[in-house]
Amino acid sequence: MLNLRNLSKSYAADAVALAPTNLRIERGSFTVLLGQSGAGKSTLLRCMNLLETPSVGEVVSDTLGILDSPAKIRAHRRKTAMIFQQHQLLPRLTSLQNALLGRIGNHGMLRMLLPLPEAECQLALDALERVGLLEKAGTQVRHLSGGQQQRVGIARALVQQPDMILADEPVASLDPASADRVLGLLREICRERRIAVVASLHQVDLARRFADRIVGLEHGHIVLDTVPATLDDAQLSRLYTTARAPATPTHFAPAIAA
Ligand SMILES: Nc1ncnc2c1ncn2[C@@H]1O[C@H](COP(=O)(O)OP(=O)(O)OP(=O)(O)O)[C@@H](O)[C@H]1O
Ligand SMILES: [Mg+2]
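The numbering of the sequence shown is numbering that gives the first Met the number 0, which starts it at 0 and goes up by one.
This is the structure we're talking about:
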């Protein structure tokens with residue numbers, strides 16, 4: 000459903016965060032990005048919905064084509080939900096109001112200040128029910144636990160009716176039981192609604208248990224792309240122990256020429 004073609008990102012001339020990368024993401028698959036801090040996981044995720052503008056290369060959607068205009072990027076983002084480590088919920092709003100924020104992309108901020116159609120409220124209630132939090136619909140999210148807040152984050156993503164969910168360390172600040180529940184939910188939702196989920200994680204064991212596909216990054220390079228069943232332990236330990244030189248502009252010179 001989404002192709003990254005020869006995509007690279009440099010934040011400065013001598014600092015390549017993502018070397019030229021080709022990656023196809025399929026509907027209904029749960030992809031986990033692994034790699035040491037600074038490997039480029041967040042950069043790759045943020046390039047997928049053009050929150051970062053790639054330095055070279057393109058993002059191609061099966062439905063919209065090359066995402067090369069503001070209108071196409073807006074349309075792509077409407078169908079691409081994001082989930083963050085710190086939830087990014089509005090703490091004084093209720094779970095229901097936070098879930099409804101998933102409609103902002105469809106209505107804009109000002110329209111969100113007016114009462115929304117009943118169908119939209121129903122969508123948000125259904126999403127809260129899906130994540131097991133219907134009884135907390137009227138509770139301000141600041142009164143919820145971290146795991147519950149992350150589930151409200153998932154509900155907000157679902158209200159967006161996305162084709163793809165990008166999750167940057169969605170369980171980094173959760174206890175193990177809550178992390179399991181959040182990742183289990185994401186995997187179920189991915190399968191039942193044929194949504195592509197791409198999540199960055201730091202816990203290899205969780206990647207093994209929940210992912211359909213594991214992509215390993217090292218200094219901006221994809222060095223591993225496999226399924227958990229054939230995950231090679233030696234490769235994995237290299238991913239976390241090698242101190243290879245960071246990607247340099249030389250790495251992406253051929254892509255510029257291409
Ligand atoms: N906005 C920015 N400006 C400059 N450099 C950046 C910026 N964002 C990321 N970088 C650099 O790009 C590289 C990749 O960073 P990125 O945040 O993508 O890594 P990561 O794998 O998500 O790391 P972590 O596991 O710590 O979240 C790093 O060297 C980082 O310092
Ligand atoms: Mg990151």
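Cβ coordinates follow ideal geometry from the N, Cα and C atoms, glycine included.
Please classify residue i as buried or exposed, where buried requires at least 16 neighbouring CB atoms within 10 angstroms.
i: residue 203; result: buried
i: residue 65; result: exposed
i: residue 168; result: buried
i: residue 251; result: Low confidence applies to residue 251: its pLDDT is 34, below 50, so where it sits in the model is not reliable enough to give any reading.
i: residue 121; result: exposed
i: residue 151; result: buried
i: residue 256; result: Residue placement at residue 256 is poorly supported in this model, since its pLDDT is 33, which falls under 50; the coordinates still yield a value, given next. Result: exposed.
i: residue 162; result: buried
i: residue 236; result: exposed
i: residue 11; result: exposed
i: residue 240; result: exposed
i: residue 214; result: buried
i: residue 30; result: buried
i: residue 226; result: exposed
i: residue 91; result: exposed
i: residue 86; result: buried
i: residue 19; result: buried
i: residue 25; result: exposed
i: residue 45; result: buried
i: residue 102; result: buried
Over what stretch of residues does the beta strand (DSSP E) that includes residue i continue unbroken?
i: residue 60; result: 55-60
i: residue 224; result: 220-225
i: residue 163; result: 163-167
i: residue 4; result: 1-11
i: residue 50; result: Counting along the chain, residue 50 falls outside any beta strand (DSSP E), and DSSP gives it neither H nor E.
i: residue 19; result: 14-24
i: residue 31; result: 29-33
i: residue 95; result: It is not in any beta strand (DSSP E) - residue 95 instead sits in the alpha helix (DSSP H) that spans 94-99.
i: residue 217; result: 212-217
Suppose contacts are defined by Cβ-Cβ distances below 7 Å. Is residue i in contact with residue j by that definition?
i: residue 266; j: residue 8; result: What is shown of the chain runs 0 to 257, which leaves residue 266 out entirely.
i: residue 123; j: residue 89; result: no
i: residue 158; j: residue 98; result: yes
i: residue 49; j: residue 82; result: no
i: residue 93; j: residue 139; result: yes
i: residue 141; j: residue 100; result: no
Would you mind reading off the limits of the alpha helix (DSSP H) that contains residue i?
i: residue 83; result: Where residue 83 is concerned, there is no enclosing alpha helix (DSSP H), given that its DSSP letter is neither H nor E.
i: residue 206; result: 203-209
i: residue 194; result: Per DSSP, residue 194 belongs to no alpha helix (DSSP H) and is neither H nor E.
i: residue 237; result: 232-240
i: residue 126; result: 117-129
i: residue 76; result: 69-77
i: residue 145; result: 145-158
Can you find a CB in chain D that lies within less than 7 Å of the CB of residue i?
i: residue 146; result: Of the protein chains in this structure there is only one, and it is not chain D.
Check whether the Cβ of residue i sits closer than 6 Å to any heavy atom of ligand 4, and report yes or no.
i: residue 232; result: No copy of ligand 4 occurs in the structure displayed; its ligands are ligand 1 and ligand 2 alone.
(request) Starting from the N-terminal end, write out each residue whose C-beta falls within a distance shorter than 5 Å of any non-hydrogen atom of ligand 1. (result) Any heavy atom of ligand 1 counts here; residues with a Cβ closer than 5 Å to one of them, in chain order, are 10, 16, 36, 37, 38, 39, 40, 41 and 42.
(request) Evaluate contact between the stretch 32-52 and the stretch 214-222, counting only Cβ atoms and requiring at least three cross-stretch pairs below 8 Å. (result) With a cut-off of 8 Å, the stretch 214-222 and the stretch 32-52 count as touching, because enough Cβ pairs lie within range.
(request) Give a yes or no on contact between the stretch 162-177 and the stretch 193-211, applying the rule of three or more CB pairs nearer than 8 Å. (result) Yes, the stretch 162-177 touches the stretch 193-211.
(request) Count the C-beta pairs between the stretch 65-82 and the stretch 124-132 that are closer than 8 Å, then say yes if the count reaches three, no if not. (result) Taking 8 Å as the limit for Cβ pairs, the verdict is that the stretch 124-132 does not touch the stretch 65-82.
(message) With a threshold of 8 Å, are at least 3 pairs of Cβ atoms found where one atom belongs to the stretch 187-194 and the other to the stretch 12-21?
(response) The stretch 187-194, when compared against the stretch 12-21, does not touch it at the 8 Å Cβ threshold.
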